[in-house]
Amino acid sequence: MDKIDNLITFSSGSNKTRGSEYGKIAQSLGKKDTKVRDDTSMKPEVKEKIKKWVANKKVNRDLERTTTLLEKITKTESEWREVLSEEQFKICRKKGTEQAFSGKYWDCHDRGNYHCTCCGTPLFSSITKFDSGTGWPSYYQPLTPESIATEHDTLFFMRRTEVLCRNCDSHLGHVFEDGPEPTGLRYCINSASLVLHKAESS
Ligand SMILES: [Zn+2]
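The sequence shown maps to residues 43 to 244 in our numbering.
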């Protein structure tokens, strides 16, 4: 057990945590009997770590099941044009943005992992998808920090952080700091950059 494991205690639930944010996360992970110690004397940074750990745990489990590490992909523009639709090419390879509320996934609530359109790397989980009201699929964290890259973007004099697939440099969208807990981040992604691999119904 590592340090974080030691801070999480498992018991048969309590009124203190039931309905709290921790409880909700635990419930969403299917662990109704998981009790995360919500101790007011706990340092905020420790609490933060625990929240991230809980959110990551399920996501990482999904990833282990579905990921095989892919080799970095490089293709020429014409090679990308051959395998992508015109819209996918414009967005993924030319950093375009689809119109809000026009994409395939902004209102999608299916379970599964969202993979890179260009190279197939799993990038986001439906577990971390939330309704941002923006008209683009939005996630509070990537499947793993290693699967994406970020870059400072000053296009049109706007200060934004671009999100790319680390494996093939496909443009995915942008990340903003107005997302929900537990990360406070909003990964605002183009549907055209993603392909949903639906989870098998259990
Ligand atoms: Zn990719």
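Built from N, CA and C at the ideal position, the CB exists for glycine as well.
Owing to the predicted nature of the structure, the values given are computational and were not obtained by experimental measurement.
Distance check for E124 and G221, CA to CA, integer angstroms please. 36 Å
Less than 8 Å between the CB atoms is what I'm expecting for L236 and H157, so what's the real figure, rounded? At roughly 7 Å, the Cβ-Cβ gap stays under 8 Å, so L236 and H157 are in contact.
Taking only three categories from DSSP, how would you classify F143? Coil at F143, not helix or strand.
Report whether the distance from the Cβ of N155 to the nearest heavy atom of ligand 1 is below 7 Å. no
E119 in three-state terms, based on DSSP: helix
Does at least one heavy atom of ligand 1 sit under 7 Å from the Cβ of N232? no
C-alpha distance - T186 paired with N232, whole-angstrom precision: Going from the Cα of T186 to the Cα of N232 covers about 18 Å.
DSSP on C34, reduced to helix/strand/coil? Nothing about residue 34 can be read from this structure; the chain reaches only from 43 to 244.
Provide the residue(s) that pair with E204 in DSSP beta bridges, ordered along the chain. E193 and H216
Residues that N155 bridges to, as DSSP identifies them: S167 and H239
Enumerate in chain order the residues of its own chain whose CB-to-CB distance from S168 is below 6 Å, with the five nearest sequence positions on each side excluded. R153 and G154
From K171 to G215, what distance separates their C-alpha atoms? 14 Å
On the DSSP letters alone, give me the boundaries of the beta strand (DSSP E) that Y229 sits inside. R228 to I231
Compute every distance between the C-beta of T186 and the non-hydrogen atoms of ligand 1, then say whether any falls below 7 Å. no
According to DSSP, which residues form a beta bridge with S180? F172 and C230
Tell me which residues share the same chain as K137 and place their Cβ nearer than 7 Å to its Cβ, disregarding the 5 neighbours each side in the sequence. H213
So what does DSSP say about P86, is it helix, strand or coil? helix
Just to confirm my understanding: we take E219, look at its own chain, exclude 5 residues before and 5 after, and list those with CB closer than 7 Å. What are they? G226 and L227
Short of 6 Å in beta carbon distance, which residues of its chain neighbour K240, apart from the five on each side in sequence? Order them along the chain. D152 and G154
Please identify the residue among T159, G175 and I115 whose C-alpha is closest to the C-alpha of A142. G175
Taking all protein chains shown into account, do 16 or more other C-beta atoms lie within 10 angstroms of the C-beta of R208, making it buried, or fewer, making it exposed? Burial call: buried.
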